[in-house]
Amino acid sequence: AQSVSQHNHHVILSEAASLELGCNYSYGGTVNLFWYVQYPGQHLQLLLKYFSGDPLVKGIKGFEAEFIKSKFSFNLRKPSVQWSDTAEYFCASSSQDTGRRALTFGSGTRLQVQP
Amino acid sequence: NAGVTQTPKFQVLKTGQSMTLQCAQDMNHNSMYWYRQDPGMGLRLIYYSASEGTTDKGEVPNGYNVSRLNKREFSLRLESAAPSQTSVYFCASSDSSGSYNEQFFGPGTRLTVL
């Protein structure tokens, strides 16, 4: 069974600070990896996704993530956060090897950016 | 193009009451999903439907039933609500053809069971 771990549960940063949120997945086969963001009171929106190819993936709003297969990691980064990045961030995975397409989510990281 | 819609947005039930959460998508997606979101636990899969006419259990199916009414609609039913089912429920859909499965989420239903 797949599992996804997000080690940072709550992160507080000042505006302009750099961000890195950790994500590790457990599945040994071929995976799809995602980062979703949930702004307060809103539904989940896709930030970026990795299916294959270049392990450095760029998403919306200046976010990027790097897939490191040897470390089973897919960490999210942003060079300079803004107050509007305050949200909860979820890492998720799914298998390319099976017919089941459902996502396995991490527990989420709450990011608070202080002005 | 509304994407994924859910009704109702909020609901309060008493223990033992029943209700159905409705979900519809207009993206012609084959697959649909129901998740619940609880603090500190991320989203957990309740049921999913890979295609019209099929449904399968997810990680936390107990206490729920689902119906894939047609390609557009996927409902979640609580037959006898319990306080442990207090949660935010999200419906999602994806195009399951190929290896990719980016999922699109609805706005959620916040359910409180007293």
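Residue numbers (my numbering), protein chains in the order written: chain A, 1 to 115; chain B, 1001 to 1114.
In this text, a Cβ means the ideal position worked out from N, Cα and C, and glycines have one as well.
Fair warning: this is a prediction, and the values are worked out from it, not measured in the lab.
| Asked | Found |
| --- | --- |
| The stretch 80-98 of chain A contacting the stretch 29-45 of chain A, beta-carbon criterion three pairs below 8 Å | yes |
| Residue from B:Ser-1051, B:Arg-1044, B:Leu-1043 with nearest C-alpha to B:Ser-1093 | B:Ser-1051 |
| Sub-8 Å separation of A:Glu-15 and A:Gln-112 beta-carbons | no |
| Chain-ordered neighbours of B:Glu-1073 on chain A, where CB pairs are closer than 9 Å | Those within 9 Å of B:Glu-1073 in chain A number zero; the least Cβ separation is about 18 Å. |
| Closest residue to B:Met-1032 among B:Gln-1103, B:Val-1060, B:Val-1113 (Cα-Cα distance) | B:Gln-1103 |
| Cβ-Cβ distance between A:Val-81 and A:Ala-1 below 8 Å | no |
| Assigned secondary structure, B:Gln-1103 (DSSP; H/G/I helix, E/B strand, else coil) | coil |
| Interface flag, B:Met-1041 vs chain A, CB-CB below 8 Å | yes |
| Cβ pair A:Gly-151, A:Leu-48 closer than 8 Å | One cannot answer for residue 151 of chain A here, as it falls past the ends of chain A, which runs 1 to 115. |
| The stretch 1006-1014 of chain B in contact with the stretch 1055-1075 of chain B per 3-pair CB rule at 8 Å | no |
| Within chain A, the residues that B:Gln-1103 reaches when beta carbons sit closer than 9 Å | Phe-34, Tyr-36, Leu-44, Leu-46, Ala-92, Ser-94, Arg-101, Ala-102, Leu-103 |
| Interface partners of A:Gly-108 on chain B, CB under 7 Å | Gly-1042 |
| A:Arg-77 and A:Glu-20 closer than 8 Å at C-beta | yes |
| A:Tyr-39 burial status per 10 Å Cβ neighbour count (16 or more: buried) | exposed |
| Burial state of B:Val-1106 (16 or more Cβ within 10 Å) | In the sequence as presented, Val is not what sits at residue 1106 of chain B; that position holds Gly. B:Gly-1106 comes out buried. |
| Same chain, Cβ closer than 7 Å to B:Val-1113, five either side skipped, listed in chain order | Leu-1013, Thr-1015, Ala-1081, Ala-1082, Pro-1083, Gln-1085, Thr-1086 |
| With 16 other Cβ atoms within 10 Å as the buried cut-off, status of A:His-54 | Before going on, a small fix: residue 54 of chain A reads as Asp here, not His. Exposed is the call here. |
| Within-8 Å CB hit, A:Lys-58 to chain B | no |
| Residues, ordered as in the chain, of the stretch 60-86 of chain A that lie near chain B by beta-carbon distance below 9 Å | none |
| Those runs of the alpha helix (DSSP H) which lie wholly inside the stretch 5-53 of chain A and span at least 4 residues | none |
| For B:Tyr-1012, the first and last residue of its enclosing beta strand (DSSP E) | Residue 1012 of chain B is actually Val in this sequence, not Tyr. 1010-1013 is the span of the beta strand (DSSP E), which, as asked, contains B:Val-1012. |
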